Amino acid sequence: SSSSSSLSLSLSLSLSLSLSLSLSLSLSEFDRHELLIYEEVAKVPPFRRKTLVLIGALGVGRRSLKNKLLLSDPQHYGTTIPHTSRKPKSGEREDQMYAFTSRSKMEADIKNGRYLEHGEYDGNLYGTKMDSIHEVVEAGRICVLDANPQALKVLRTSEFLPYVVFIEAPDFEVLKAMNQSAIETGVVTKQLTDSELKRTVDESTRIQMAYGHYFDLTIVNDNLDESYRNLKAALEKVSATQQWVPVTWVF
């Protein structure tokens, strides 16, 4: 029957969206862009994804989840080292936290599309270079990225074979309690204001509405340990079961 066919055909339709989102690298606006809502997909045997892309609002705990995964299983997961045009600080070594380069080189590479994301902070450029993603994959690891949702336009291809996970904000009161707990345990030092917490919840809703059809998994991050267990279980399952993927990844 058509439902059991390896190909599922659907209409292609695009939606022009404009969203505003505050990012850590001072990227304050989404560009207006076309988003594919329906696409042709194919069912394929189990395979290993090249990248794990964590999407979510600022302050929702993506980085904590990413770091927990990297520390717990460094053999299977790796991440990129950001490039920056700033000068190294005293005692700072190349390839520890940042890869240092010149502003002119960074600007040229950005212009030539060699960066997945980039932004400017305190007069210096920072960015994630495409080559650094490939280096992690070529070393035999899944590259874990906590990316701007707009990066999915680049990542969601056969080149990067992403597994896309949306880290959803819990409700306001839970988020507030989590922030307070993180301060008390020394995980974070900044107490978020009610308006900042509300902004996280609102951004989370907007991202889900705009990009939800791209997500392979959604995890409500109301408990870091539980979110981590759910993520690990999903990653193990996806590498052992048949998967529906965009037909462009296959043909």
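Under this note's numbering, the first residue of the sequence shown is numbered 320, with each subsequent residue one higher.
Using N, Cα and C, we set each Cβ at its ideal position, and we do this for glycine too.
Fair warning: this is a prediction, and the values are worked out from it, not measured in the lab.
The segment 353 to 441 contains, as complete beta strand (DSSP E) runs of 3+ residues, the segments 360 to 363, 370 to 375 and 434 to 440 (chain order). Distance from K369 to C462 at the Cβ level is roughly 7 Å; contact confirmed, criterion being Cβ atoms closer than 8 Å. In the displayed model, G531 falls within a helix according to three-state DSSP.
Look at the beta carbons and you see the segment 419 to 434 not touching the segment 510 to 529: under three pairs across the two are nearer than 8 Å. Per DSSP, L444 is one residue of the beta strand (DSSP E) stretching across N443 to K448. DSSP, read as helix, strand or coil, puts F570 in coil. Using a Cβ-Cβ distance cut-off of 8 Å, the segment 434 to 454 and the segment 399 to 417 are in contact, since at least three pairs of beta carbons, one from each stretch, lie closer than that value. With distances taken between CA atoms, V372 lies nearest to K385 out of Q561, K385, W568 and V379.
L480 is the residue among N542, D544, L480 and K406 whose C-alpha sits nearest the C-alpha of P565.
For the pair of segments examined, the segment 543 to 559 was found not to touch the segment 406 to 418: the number of CB pairs separated by less than 8 Å stays below three. When the five nearest sequence neighbours on each side are left out, the beta carbons in the same chain lying within less than 6 Å of the beta carbon of P468 are those of I374, I526 and Y530, in order along the chain. Taking the C-beta atoms as reference points, E487 is found nearer than 9 Å to I538. Judged by DSSP in its simplified three-state form, V456 adopts helix. The beta carbon of T398 lies closer than 8 Å to those of K385, L389, V455, C462, V463 and L464 in the same chain, with the five residues before and after it left out.
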